[in-house]
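J.: Numbering (our numbering), first residue to last: 8 to 195.
One structure coming up, written as structure tokens, with questions to follow.
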């Protein structure tokens, strides 16, 4: 049976309300938001073409303390705005019932981007980070299942550095997110 988020539709906050209400990382978030650019004209055309659809909704589970939210959600805001897809943000800690339907490897990782229809049926999801970045964490979790191990914190710091390197310098990672969300939306 498909997931349904109809009970959450129109229950979130707007992207602007999220940005304005950030208690942490607001400057960094706005910096990534302001530095957004279209790296691939075909991606921009694709998202623009979605404006003729009125059947899609975007729900974003986020938290302002999360580095992946700070980097990735500004891109998603721009993509959804270009596509004309109504977008709502749900603060993870205030919507654990929603978060727990979209766990990553059994854990609460944000952001989660949920694409649903107007009836709330989930058509697809993305997150918490681009696939190549997430691959580092997936490998780490497989190799280090015991988070209470004496060297777990030391090892997770190493994988986090690898993930930052995978994001790369500048805004090139934004094109990766646009491509991954384009692939997702092309199938709905």
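Virtual Cβ for every residue (Gly too), placed ideally from N, Cα, C.
Source: prediction; values computed, not measured.
1) Just to check my reading of the structure: residue 75 and residue 22 have Cβ atoms closer than 8 Å, yes? What is that Cβ distance to the nearest angstrom?
2) The beta strand (DSSP E) that contains residue 84, what's its start and end?
3) Does the beta-carbon distance from residue 63 to residue 124 come in below 8 Å?
4) Is it buried or exposed for residue 19, if we count other Cβ within 10 angstroms and need 16 for buried?
5) For residue 142, which of 171, 156, 158 and 159 has the nearest alpha-carbon?
6) In angstroms with no decimal places, state the Cα-to-Cα distance between residue 97 and residue 16.
7) Using a threshold of 8 Å, state whether the C-beta atoms of residue 184 and residue 79 are closer than that.
T.: To lay it out plainly:
1) That belief does not hold up - the Cβ atoms of residue 75 and residue 22 are roughly 17 Å apart, past 8 Å.
2) Careful: residue 84 lies outside any beta strand (DSSP E), inside the alpha helix (DSSP H) at 74-90.
3) yes
4) buried
5) 171
6) 10 Å
7) yes
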